[in-house]
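Protein chains: 2
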Amino acid sequence: MASLESALAALMEEKKYASARDLLITMNGADIAAVFTELPDETLPLLFRLLPKELAAEVFVEMEPEEQELLIRGFSDNELKEVVDELYADDAADLVEEMPANVVKRILKTADPDLRKTINELLKYPEDSAGSIMTTEMVTLRPLMTVGEAIKRIRRTGIDKETVYNCYITDDARHLIGTVSIRSLILAEDDELVRNIMEENVISVNTLEDQETTAEMMAKYDFTALPVVDKERRLVGIVTVDDAIDVIKEEATEDIERMAAILPSDKPYLRTGVFSIWSNRIPWLLLLMVSATFTSMILSSFENALAAQSALLLFIPMLMDTGGNSGSQASVTIIRSLSLGDVEPADIGSVIWKEMRVALLCGLSLGLVCFGKVMLIDRLLMHNPEVTVPVALVVCLTMAATILCAKLVGCTLPIIAKLVRLDPAVCASPFITTIVDALSLLIYFAIASSLLRLV
Amino acid sequence: MASLESALAALMEEKKYASARDLLITMNGADIAAVFTELPDETLPLLFRLLPKELAAEVFVEMEPEEQELLIRGFSDNELKEVVDELYADDAADLVEEMPANVVKRILKTADPDLRKTINELLKYPEDSAGSIMTTEMVTLRPLMTVGEAIKRIRRTGIDKETVYNCYITDDARHLIGTVSIRSLILAEDDELVRNIMEENVISVNTLEDQETTAEMMAKYDFTALPVVDKERRLVGIVTVDDAIDVIKEEATEDIERMAAILPSDKPYLRTGVFSIWSNRIPWLLLLMVSATFTSMILSSFENALAAQSALLLFIPMLMDTGGNSGSQASVTIIRSLSLGDVEPADIGSVIWKEMRVALLCGLSLGLVCFGKVMLIDRLLMHNPEVTVPVALVVCLTMAATILCAKLVGCTLPIIAKLVRLDPAVCASPFITTIVDALSLLIYFAIASSLLRLV
């Protein structure tokens, strides 16, 4: 990529615009946008004007909002109109959502009235709904058309549609009654009726359906487009597979961020300001810090015990961390399974039963290794005479018990969160760690008190 | 769903097979497979035989390997042949990979010779390569065909192809020289040459390209199919968007599992055995437990200091956890950005500069709140006279310094891992936590020694 940018920059410098254009048109919109990002801002408007109209729109859609705004501010009204009218309605609506008010006004003013109406309609749907990611451009057919007429209609009107691979059949009241793929149309005889080759069991979503559910449906059924209908089952748009992929990636990123105690952001890292990164990270850090008061309280009430058996202190971090790690393994597994639909809240019984057995295996194996490690490394290698067999026994029993508790807490909390309609992802590592810290200390001191006869 | 299953079970019980079949054919393959999972195993073969041939193949592909095996074992050779011959080559190859050896032998014996050859070829590609997820069924055209001839060819041969939305143009030596969408074909005049409407700048991948890179390319370019070529740029297959979505979801799950110190598994949770869950979780737990020896060593060398100022002990878990959480926020953000391509290893400078500023903001704000919390909650509310102003000062200074270190370690480690070709995801929370635990204790005792004049 590096050489392409320098080549383009050099061509522009030497005012060899025709060659720059020839170079650009060999490239794909997404690649051109990536190259543009690397070039100095002042060359963008000139370069952009070199692109053929359709390619220009493709590049524009792939650019970052800051660059889009910069370009729009440099456009004449005519140039703006040319770009906006080439955009698909859902991309135009996304653009309007990203731009500041005065830019939005110019966009809506210059847009074709039909497009303006569609943009306004799309903006009405709630964020993260199927309506907000759908496009209203699709091919609709009528049941009594012949295949030949249908293909003629696609030829006449299909040129601007984002996808013509699936056509939708509606009745007089615009109710969705069937679907037919271009493939079936091409493979059918010209005089066959659309009604006879259409698939009548159409799977569709409501405009208000969550975008994640919508994308998951498309993944499940291997669809390249999914029709969106209103309350009366009238066809209002389609969600295309490229937007579904974006949703799947976004939602995975959001889950990952929530699991790491970060509020989700929708901008790429390098383009997010320091202050907004801070404000996404600080709430959970504060909450978790304050809740660590419980561990202080527990430690403080066992201060005398620790003074009497100071070797116990050495293993607190190991016990807390191993507990935290065991718990987050369980919670993260369940969170991901919930979001993939592999586990439902109704499975809570089998989840607990499974985690209990895994926890016993982990507890046994780690407890044994832990006993060996404490006796070998901490006692023999470190020459610490305070690390006695009873101490090692306390540590490894605590280890096993903590793992059991941690796994059980870790697997149940996300399911409970889901049941009370919270996002299960917030019950991941940091949250579990805080709970397990307190639990492991309580277990530690309980076992120590009964085995070591502390003061 | 619940009612569908009981309805089907009831129909089967009463031997109303025709009605059961009528019910089934209103449904989609993926839905039928989901319903079958819930039904008792012994009804499956009978139900399956009710399905029309093509739908049966669709359902079969969506079933879990255990159920597929069960069905195959019950099939006569003829029945097996009917199902296998309806499968797309890539699905058939997946099936062969999942089945035990004796079942594989039967499948390959009954498969059509052409299909058998293709399956064997597909199995030769390395796991997780583009070759392993591609299908070899696609429509190829020649440059000198007219649009009319092309459409005729699609009609004649396209019926078995997994996707006919994109056609690929090859020269005499099977080199890929262009691509054309069905959309362009339909919208063009019948006597136009394919050569004149084809896109010549074809984006393709090599058979050995990583499947994640392949899927990310399709997401980036909004493709529904991506051609796969061999070393000599001869067309050997295509990857379709439904398989790309599966790869994107799988890779996100793998990243999430690695971040939680779990070895990735490719089975849904409820279908994974207790022993294999254990074996995926125990290696990291063991490694992290043993590496906690460092924190024991540090604690042990500061035992006297802790005895002199026992209040210091109370804040160890809080400092370690906050450090761990801060570090994993940074590492998880960078890991995800690396895998989405938002951050490249070359950006390490700007990443460190950004994280340093975020860390200063987080350190300042948390340090201040921490000072207040310690003085108010731990000193006043808990009536602990040992918690003095100097102690609170030591705690909040340590907090700020730990956050700075944790964020820097958290943001650099994943990038370094990527540079030395390790998976950055292993540098997430648990790994960072172990390092930050040791760091935070060292900082704590260094600051305490200089401010509190410990023994």
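As you go down the protein sequences, you meet chains A and B in turn. Counted from 1, the first sequence has number 422 at position 422 by the working numbering; the numbering is strictly sequential. Counted from 1, the second sequence has number 1429 at position 429 by the working numbering; the numbering is strictly sequential. A virtual CB, placed ideally from N, CA and C, is assigned to each residue, including glycine. If you're wondering where the values come from, they're calculated on a predicted model, not measured in any experiment.
For A/Asp-222, at least one C-beta of chain B is nearer than 7 Å to its own C-beta. Under the rule that a run must span 4 or more residues, the alpha helix (DSSP H) segments found entirely inside the segment 59-144 of chain A read 65-74, 77-86, 89-98, 101-110, 113-124, 130-133. Near chain B, meaning a CB-to-CB distance below 9 Å, the residues of the segment 430-450 of chain A are Pro-430, Thr-433, Thr-434, Asp-437, Ala-438, Leu-441.
Sequence-ordered contacts of the segment 312-324 of chain A with chain B read Leu-313, Leu-314, Phe-315, Ile-316, Pro-317, Met-318, Met-320, Asp-321, Thr-322, Gly-324 [C-beta pairs closer than 8 Å]. Between the segment 400-408 of chain A and the segment 419-426 of chain A there are fewer than three inter-stretch CB-CB distances shorter than 8 Å, so the stretches are not counted as touching. Following the DSSP letters along the chain, one finds A/Cys-167 inside the beta strand (DSSP E) bounded by residues 166-170. At least 7 Å separates the CB of A/Pro-52 from every CB of chain B.
For A/Ser-337, there is no enclosing beta strand (DSSP E); the enclosing alpha helix (DSSP H) has its first and last residue at 316-340. A check of alpha carbon separations from B/Trp-1278 across A/Leu-364, A/Ala-219, A/Gly-341 identifies A/Leu-364 as the nearest. DSSP, read as helix, strand or coil, puts B/Ile-1238 in strand.
Note on the segment 1195-1277 of chain B: whole beta strand (DSSP E) runs with a minimum of 3 residues are 1225-1229, 1235-1240, in chain order.
Residue state for A/Leu-422 is assigned as coil, using DSSP reduced to three classes.
When secondary structure is reduced to three states using DSSP, B/Leu-1366 falls in the helix class. Contact of B/Ala-1030 with chain A is assigned, a C-beta pair being separated by under 7 Å.
Within 10 angstroms of the beta-carbon of B/Pro-1227 lie 16 or more other beta-carbons, which makes it buried.
With contacts defined by Cβ atoms closer than 7 Å, A/Tyr-168 and A/Thr-179 form a contacting pair. For B/Tyr-1269, the nearest CB of chain A lies under 7 Å from its own CB, placing it at the interface with that chain. Contact between B/Ala-1438 and B/Ile-1298 is confirmed by a C-beta separation of about 6 Å, below the 8 Å threshold. Taking the C-beta atoms as reference points, B/Leu-1123 is found nearer than 7 Å to B/Ala-1093.
In the three-state reduction of the DSSP assignment, A/Leu-39 falls in the coil class. In the three-state DSSP reduction, B/Ile-1025 falls in the coil class, being neither helix nor strand. Under the three-state reduction of DSSP output, A/Leu-413 falls in the helix class. The beta-carbon of B/Tyr-1165 is placed less than 7 Å from the nearest beta-carbon of chain A. Close to B/Asp-1347, with beta-carbon spacing below 8 Å, are these residues of chain A in chain order: Leu-270. According to DSSP, residue pairing for A/Leu-47 in a beta bridge does not occur. According to the DSSP assignment, A/Val-147 belongs to no beta strand (DSSP E) but to the alpha helix (DSSP H) extending over 147-157. Residue-level contact by beta carbon holds for A/Trp-278 and chain B, with a gap shorter than 7 Å. Among the bridge pairs identified by DSSP, A/Val-180 is matched with A/Cys-167. For B/Ser-1449 and A/Phe-60, the gap between their C-alpha atoms comes out near 59 Å. DSSP lists A/Arg-234 as the beta-bridge partner residues of A/His-175.
For A/Glu-303, the enclosing alpha helix (DSSP H) starts and ends at 303-308.
Neighbours of B/Ala-1056 across chain A, judged by C-beta separation under 9 Å, do not exist; the nearest C-beta is about 17 Å away. Chain-order list of chain B residues neighbouring A/Lys-373: Val-1290, by C-beta distance under 7 Å. For A/Asp-321, same chain residues with a beta-carbon under 6 Å away, outside a window of 5 residues either side, do not exist. Counting C-beta atoms within 10 angstroms of its own C-beta, B/Trp-1284 has 16 or more neighbours from the protein chains shown and is therefore classed as buried. In terms of Cα proximity to B/Glu-1082, the closest of B/Arg-1271, B/Ala-1056, B/Leu-1070 is B/Ala-1056.
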